[in-house]
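In the numbering used here, the protein residues as written are 6 to 427. Heads up, the beta-carbon is just placed ideally off N, CA and C, and yes, glycines get one too. Computed from a predicted model, the values in this text were never measured in an experiment. Here is the structure we will look at, set down as structure tokens.
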């Protein structure tokens with residue numbers, strides 16, 4: 006037996022209930038017909054509409070599909086520019102490029118969200134929309150953003166991939182813009198292994214998004230099977246990760262044999278759209294998302310409590326900047342992200358102590374092996390995003406993290422910061 010490994014993002018949302026549901030779909034012949042078609046997808050859409058207080062939600066197989074089709078539905082295309090923040094995932098500028106538009110990067114504030122004061126200087130006659138990211142579950146400054154954007158009649162698409170359940174001045178994020186997109190990937194607020202959705206207010210835009218949804222192919226049975234295998238497999242991996250490296254070896258084998266679906270393909274890191282990348286969300290995955298959606302506020306409150314515990318334990322530490330929650334918002338802390346001197350070095354030190362800290366985001370357009378030139382990002386374009394990316398480290402705050410685990414993380418962070426002040 007080896008020492009327990011504490012992780013930030015090894016599929017933190019997997020539950021025993023989800024494992025049982027997946028095994029039921031895989032091994033109960035009476036459920037095989039419900040893999041791709043059933044009532045869960047429609048129920049998920051209606052549940053999200055009610056939760057967000059929006060008139061329309063349309064589901065897709067991924068957040069990147071949701072963003073791509075939202076852009077298309079608004080008629081954004083060749084010759085248009087879309088403002089996106091730096092300190093983001095490559096999936097965001099990719100969706101803009103695949104819609105034949107051009108991403109223009111805006112720098113961030115120290116809270117990891119777009120800096121409203123930087124927006125106006127990037128607006129040109131070609132600018133048609135802005136994608137507003139609520140990074141790590143912290144709401145962006147919507148009052149300031151909306152005030153600027155309305156003067157130029159721009160479309161606002163909220164990126165709520167990190168922030169389902171977060172609130173700004175008493176309203177759920179995702180209800181401020183003309184549209185919003187959501188992700189249900191394996192490391193998001195709730196997970197169906199993959200999945201996404203678009204919410205929108207305008208009936209005609211909703212109709213176009215629905216037409217796009219109906220035009221894409223269904224998930225194949227093999228692809229659906231891989232997604233259903235993922236929760237049971239990674240539940241086993243997590244439980245055995247520290248047992249003479251059995252779980253670690255199992256994860257390596259699963260990756261090499263392509264048993265588990267990729268988060269990002271190599272082509273996506275070069276802004277190339279993979280063939281047949283977009284699909285309908287299968288019923289089985291909608292069922293997994295619905296199960297977790299019923300507990301979304303409980304999940305978020307647990308993360309918020311752990312964030313408070315981290316902040317209390319680290320508030321007197323010199324050489325670290327902690328995330329903040331403003332009085333008019335509800336931050337859900339999908340990732341509890343601190344700023345330290347040389348984030349990569351802290352991750353290295355923690356790993357030597359069996360703690361895997363997170364790297365969202367260690368570069369301005371993540372992951373680190375993204376081909377910046379293909380997504381039209383140039384070093385120096387957004388200096389604060391680049392500076393903060395080099396300093397960013399995510400501390401584990403998901404449901405599997407115990408108080409004992411957090412104490413070990415806190416000790417490592419304190420020791421590191423005492424020797425390496427920011």
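Inset, instruction - Less than 8 Å between the CB atoms is what I'm expecting for residue 57 and residue 179, so what's the real figure, rounded? - result: Sequence index remark: in the chain shown, residue 57 carries index 52 (1-based). Sequence index remark: in the chain shown, residue 179 carries index 174 (1-based). At roughly 5 Å, the Cβ-Cβ gap stays under 8 Å, so residue 57 and residue 179 are in contact.
Inset, instruction - Return helix, strand or coil for residue 160, following the three-state DSSP convention. - result: Start at 1 with the first residue of the chain shown, and residue 160 comes out as number 155. Residue 160 falls in the strand class under three-state DSSP.
Legend entry - Own chain, CB closer than 8 Å to residue 116, minus 5 neighbours either side, in chain order: Against the chain shown, residue 116 aligns to sequence position 111. Closer than 8 Å at Cβ, skipping near neighbours: 140, 143, 328, 329.
Legend entry - Backbone CA spacing between residue 300 and residue 49 [nearest angstrom]: Residue mapping note: residue 300 aligns to position 295 of the chain shown, counting from 1. Residue mapping note: residue 49 aligns to position 44 of the chain shown, counting from 1. One C-alpha to the other measures close to 13 Å.
Inset, instruction - With DSSP collapsed to three states, give me the class of residue 291. - result: Taking the first residue of the chain shown as position 1, residue 291 is located at position 286. Looking at residue 291 - three-state DSSP - the assignment turns out to be helix.
Legend entry - Cβ separation of residue 351 and residue 398, assumed to be a contact under 8 Å, to the nearest whole Å: Translated into positions along the chain shown, residue 351 becomes position 346. Translated into positions along the chain shown, residue 398 becomes position 393. 5 Å between Cβ atoms; contact.
Legend entry - Residues of its chain near residue 371, where Cβ-Cβ distance is below 6 Å and the 5 sequence neighbours each way are ignored: Locating residue 371 in the chain shown gives position 366, where the first residue counts as 1. Correct list, in chain order: 94.
Legend entry - Contact check, residue 243 vs residue 265, beta carbons under 8 Å: Reading the chain shown from its first residue, position 238 is the one you call residue 243. Reading the chain shown from its first residue, position 260 is the one you call residue 265. Going by C-beta atoms, residue 243 is not nearer than 8 Å to residue 265.
Inset, instruction - State yes or no: is the beta carbon of residue 406 nearer than 8 Å to at least one beta carbon in chain D? - result: In the structure shown, chain D cannot be found, because there is only a single protein chain.
Legend entry - Same chain, Cβ closer than 7 Å to residue 390, five either side skipped, listed in chain order: Residue mapping note: residue 390 aligns to position 385 of the chain shown, counting from 1. Excluding residues within five positions, the ones whose Cβ falls inside 7 Å are 91, 92, 112, 113, 369.
Inset, instruction - Can you check DSSP and say which residues form a bridge with residue 64? - result: Translated into the one-based positions of the chain shown, residue 64 becomes position 59. Answer is 202, bridged to residue 64.
Inset, instruction - Within 10 angstroms of the Cβ of residue 173, are there 16 or more other Cβ atoms? Answer buried if so, exposed if not. - result: Residue numbering aside, residue 173 sits at position 168 when the chain shown is read from its first letter. Answer is buried; the Cβ neighbour count reaches 16.
Inset, instruction - Please work out which residues of its chain come closer than 6 Å, Cβ to Cβ, to residue 185, disregarding the five sequence neighbours upstream and downstream, and give them in chain order. - result: Working through the chain shown from its first residue, we reach residue 185 at position 180. 163, 165, 179, 204.
Inset, instruction - Count the C-beta pairs between the segment 16-32 and the segment 233-240 that are closer than 8 Å, then say yes if the count reaches three, no if not. - result: yes
Legend entry - Proximity below 8 Å, CB of residue 85 to CB of residue 126: By one-based count along the chain shown, residue 85 stands at place 80. By one-based count along the chain shown, residue 126 stands at place 121. Cβ distance not < 8 Å, so residue 85 and residue 126 don't count as in contact.
Legend entry - Cα-Cα separation, residue 284 to residue 417: Stepping through the chain shown from its first residue, residue 284 is reached at position 279. Stepping through the chain shown from its first residue, residue 417 is reached at position 412. Computed Cα separation, rounded: 43 Å.
Legend entry - Beta-ladder partner(s) of residue 363, from DSSP: As a position in the chain shown, residue 363 is number 358, starting the count at 1. Bridge partners of residue 363: 399.
Inset, instruction - Tell me where the alpha helix (DSSP H) around residue 353 begins and ends. - result: The residue you call residue 353 lines up with position 348 of the chain shown. 348-357 is the span of the alpha helix (DSSP H), which, as asked, contains residue 353.
Legend entry - N-terminal and C-terminal residue of the alpha helix (DSSP H) that residue 121 is part of: Along the chain shown, one-based indexing puts residue 121 at 116. Run containing residue 121: 121-124, per the alpha helix (DSSP H) assignment.
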